[in-house]
Amino acid sequence: MNLILFFTYGVSLRMWDEKGLLDREVSLYQRLSKEGVKTTVITYGDEEDYAYRRKMPEIDIMPVYALTKKPATKICAFVHSLILPFILKDKIKGADIFKTNQMSGSWTAVIGKLLFGKKLIVRCGYEWFRFTQKLTPSLFRRWTVFAAEWLIYRAADRILLTSEGDRDFVSSRFKIPAGRISVSPNFIDTELFKPADSDVKKNHMLFIGRLTRQKNLFSLFDALKSSVWTLDMVGDGELKTTLAEYAERNNVKVNFLGRIANSRLPEVINQYPLFILPSYYEGNPKVLLEAMSCGRAVIGTNVEGIREIIDNKVNGILCETNAGSIKSAIEEVMHDNDLRGRLGIKARLFAEENCSIEATVKRELAVFKGLI
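In terms of numbering that gives the first Met the number 0, the sequence shown has 5 at position 6, counting the first letter as 1, and numbering is strictly consecutive.
Here's what the structure looks like:
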């Protein structure tokens, strides 16, 4: 079976690598190759993307800007993405299935489907319109995204979403039959992300993610004011400087560790008694699943995307988004070794049963076989 994977608009293998995501993102397609699925990735990279052939020989790499000249402006780049199926027709028309990595850029795959009559799988790691409603007040932006998704969902033969909440949202808002939607949580490598005997940092907790408003980090800092707890943060983002200044003014013990490659995260995660994700909203957060797979006790806010993963007081602790609730949850978990142990065992079990690569491969193969 030949699969064409269309990358997110504007994204290249080099970008994945620089963000520490490459190993995680390609592992599914490397595993699918053992089941007879040959994957070709269409990226928005240039000749530099070819260098990754040595790292992923099972996957064919087709960098758009190694094959055509990169447009000079944003509008030209967008128009270029619309005509890509015509430019690449000889290279993609022999595929059995087209699949998108995210919603952004899916229009290229839709046009390819219409040209060549291929089956199309549209994957959404997060529901684009749902997130746009939260991120921007611009009605023009919201309705542009809505219109794009309305067309793309209708062109798809199968839609892959990462949560039940997203499935219900798409089915009701876009009037898509439930039978065309499959739920497949984000996968993680449960053999890489597993419990390990490590020296645990006493009185420390871990956050991993982008330093943005979505993550509700000021409430987390308020929960930690003048406490004995130290917060170690992996990631980068627009709020780093502001957060550092806020922490200094409010006597919050925090260490900014910067970006760390995904392959190194298990070693880091296993050094902490607690992982915390205090977001206002999420899709299907991989970092939370990875921490659970490592058998860590986790705290997450009782919001969409997190409450579908954490079963309160079973495989983690749910709290509200305000500082008082976050503080109470931290105190409860950090002062109870037995509770952390019980939560960690159940968290690991949840990850193994729902998010392993093996479970994801089975779901993907079932979708493929249902289409051809």
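Just so it is clear, CB atoms sit at the ideal spot from N, CA and C, and this is done for glycine as well.
V251 has its alpha-carbon roughly 7 Å from the corresponding atom of S226. Beta-bridge analysis with DSSP links R122 to L159. Secondary structure within the region 266 to 302: the alpha helix (DSSP H) runs of 4 or more consecutive residues, fully enclosed, are 285 to 292 (chain order). Apart from the 5 residues on each side of it in sequence, T7 sits with its Cβ closer than 6 Å to the Cβ of N100, Q101, S103, G104 in its chain, given in chain order. Closest option to R263, judged by alpha-carbon separation, among K312, K193, T320, K368: K193. Going by DSSP, C75 is part of the alpha helix (DSSP H) stretching over 73 to 86. The alpha-carbon separation between Q270 and A290 amounts to approximately 11 Å. Here Y152 is near V121, since their CB atoms are less than 8 Å apart. With a beta-carbon spacing of about 7 Å, Y28 and L4 fall inside the 8 Å limit used to define contacts.
Contact between the region 110 to 128 and the region 279 to 287 is present: three or more C-beta pairs spanning the two stretches fall below 8 Å. For F97, DSSP records a beta bridge to I3, L119. Shown here, V169 sits in a helix according to DSSP, grouped into three states. Ranked by Cα distance from M232, the first of E247, K201, R248, V267 is V267.
Taking a contact as a CB-CB distance under 8 Å, the pair L287 and V297 counts as one, their CB atoms being some 6 Å apart. The beta carbon of V253 sits closer than 6 Å to those of L230, A246, all from its chain and outside the five residues before and after it, given in chain order.
In the three-state scheme derived from DSSP, where H, G and I count as helix and E and B as strand, L191 is classed as coil.
Taking a contact to require three or more Cβ pairs closer than 8 Å, the region 52 to 72 and the region 84 to 93 qualify as touching.
The region 184 to 199 and the region 216 to 226 do not touch, with fewer than three beta-carbon pairs separated by less than 8 Å. Your pair L273 and D235 does not check out as a contact, with CB atoms roughly 22 Å apart and the cut at 8 Å. Ranked by how close their Cα comes to the Cα of R258, the residues M0, W15, S11, E357 have W15 in first place. Counting only the Cα atoms, D22 lies some 21 Å from L364.
With respect to I305, S278 sits close: the two C-beta atoms are nearer than 8 Å. For D231, the enclosing beta strand (DSSP E) begins and ends at 229 to 233. In this structure, E307 is the residue among I275, E307, D188, D45 with its C-alpha nearest to the C-alpha of T161.
Looking at G208, M333, L348, the one whose alpha-carbon comes closest to that of L238 is G208. Taken through DSSP and simplified to helix, strand or coil, N311 comes out as strand.
Note on geometry: alpha-carbon atoms of I316 and W149 lie some 36 Å from one another. Following the DSSP letters along the chain, one finds M14 inside the alpha helix (DSSP H) bounded by residues 12 to 17. Assignment of beta-bridge partners to I60 by DSSP yields V40. Within the model, the alpha-carbon separation for I371 versus A50 is close to 33 Å. Taking the C-beta atoms as reference points, R30 is found no nearer than 8 Å to V366. In this structure, the CA atom of N336 is about 12 Å from the CA atom of N202. Assignment of K361 by DSSP, reduced to helix, strand and coil, places it in the helix class.
The beta carbon of G111 sits closer than 7 Å to the beta carbons of P84, I91, F97, K117 from its chain, once the five residues preceding and following it are set aside; these are given in chain order.
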